[in-house]
Every structure is written in C-alpha cells, then in structure tokens.
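Residue numbers (the numbering used here): 162 to 248. Before any comments, here is the structure.
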Amino acid sequence: MTVVVVEVVVVVVVVVVVVVVVVVVVVVVVVYISSSRVVVGVVVVVVVVVVVVVVVVVVVVVVVEVVALASSAAAVKREVLCNENKT
C-alpha cells in the first residue's frame, strides 16, 4: 500500500513540475512578445494563480504521504506486537 502511495506521489510531483515549467515558458514568451500592460497584468495574475495551485498540490501530496507512512508504520507496529503476543 505504501509503495503505491509513494509512486502516486512521485507521479503527481513530476506532473506538477512539468506543468509549472510549461506555464513559466509560455508566460515568458507572451511577455517577451507583447509589451502591453494589460497582457502583463493578465500574465501576472495567471502566474500567481499557478503558484498558489502548485503550493496547494504540494501541501496535499506531502500530507497524503505523511498520513500513508504513519498508517503503514502503525500497521507494522501492530503486527510486531501481535507476533510478540503469540510467542
């Protein structure tokens, strides 16, 4: 179970990083091509929204990973205690 969760976490982090890189490249190209203040304002808003979304996704991923690892550790501890009681 933990291995699957960790793999999902890795995939999510990789996807988020790729999306951020693509958005940053697009933003840089748009700002470079256009010198309009309206476009720059829209780009700034988009960048802020993307950064907020990335931060939220990373926080959720970290929380999920910590919960999964904690539950896995608790399960292992229970199993060890059960095995000790049987002997």
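Using N, Cα and C, we set each Cβ at its ideal position, and we do this for glycine too.
Cβ pair count under 8 Å reaching 3, the region 187 to 197 against the region 212 to 219: Short answer: they don't touch.
Discussion item. Taking the straight line between their C-alpha atoms, what separation do you get for Ser-212 and Ala-231?
Written reply: It should be noted that the sequence gives Val, not Ser, for residue 212. Rounded to whole angstroms, Val-212 to Ala-231 spans 28 Å at the Cα level.
So Val-175 and Val-188 are in contact, right, with Cβ under 8 Å, and what is the actual spacing, rounded?
-> Actually they do not touch by this definition, with Cβ atoms about 20 Å apart.
(request) Compute the beta-carbon to beta-carbon distance between Val-170 and Glu-226, rounded to the nearest angstrom, for a pair I have assumed lies under 8 Å. (result) Correct: roughly 5 Å between the Cβ atoms.
message = Mapping the DSSP letters down to three states, classify Ser-233 as helix, strand or coil.
response = Looking at Ser-233 - three-state DSSP - the assignment turns out to be helix.
Subject >> Inter-residue Cα distance where the pair is Val-215 and Val-181 >> reply: So the alpha carbons of these two residues sit roughly 8 Å apart.
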